[in-house]
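To keep things clear, I will list the structure first and then write my remarks on it.
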Amino acid sequence: MRKILMSGLLLAAAFSANPAHALDSSGTPVVVTPLASRTTTASGQPITLPQKNVQVLVSTYDIAPGATLPVHRHPFPRYAYVQAGTLKVTNVETGDSNTYKAGDFIIEMIGQWHQATNIGDIEVKLLVIDQVEQGAKNTELRQ
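Numbered according to mature numbering (1 follows the signal peptide of the UniProt record, and there is no 0), the sequence shown spans residues -22 to -1, 1 to 121.
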């Protein structure tokens, strides 16, 4: 039991540095670079999780240059990692916007109408992670 606890503490210490250096079982270095640590969404809301039967959905998005997504909102948390391109996200309720580029991590607003536009010359590639109540969708289009 003591070995398990010590291993867990060492692992936690290895992943808490900025960037962290850990070792795999053969002694080969592994570099861990934190990308984000936040408690609020892009619009400043506290991040809240679904209250029952949480399901994690992972998908990729490829958004062509000049493409604009329809106005939509998310009832549950959505996180996106920008792998390529430049994306402008506008909160249509407030008019505020944020621009994200490759390497940025987005914690999307919850329950607020917004839309995104690829404002660059190359395709935007996103890795998207949703946390929803099991069986629910996380995108509602404005009618």
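For glycine and all other residues, C-beta sits at the position ideal for the given N, C-alpha and C.
Annotation for I25: T17, T18, T19, P55 and I85 place their beta carbon closer than 7 Å to its own, counting only its chain and skipping 5 residues before and after. DSSP lists K79 as the bridge partner or partners of T64. Of all alpha-carbon atoms in V70, L65 and H92, the one lying nearest the alpha-carbon of K79 is that of L65.
Spatial neighbours of I107 in its own chain (CB-CB distance under 6 Å, excluding positions within 5 residues in sequence) are listed in chain order as V36 and Y57. Checking the DSSP bridge columns, you'll see V36 partnered with I107.
Just so you know, the alpha carbons of V60 and V67 end up roughly 12 Å apart.
Contact between Q93 and T38 does not hold, since the beta-carbon distance rounds to 19 Å and is not under 8 Å.
Per DSSP, reduced to three states, the secondary structure at L27 is coil, with no helix or strand assignment. If you compare the alpha carbons of D82, Q121, P7 and D99 with that of S15, the shortest gap goes to D82. Shown here for H50: same chain residues with a beta carbon closer than 8 Å to its own, the five before and five after excluded, namely W91, H92, Q93, T117, E118, L119 and R120 in chain order. Here the alpha carbon of D40 sits roughly 25 Å from the alpha carbon of E111. Q109 is positioned such that its CB atom lies no closer than 9 Å to that of V10. V9: member of the beta strand (DSSP E) spanning P7 to V10, first to last residue.
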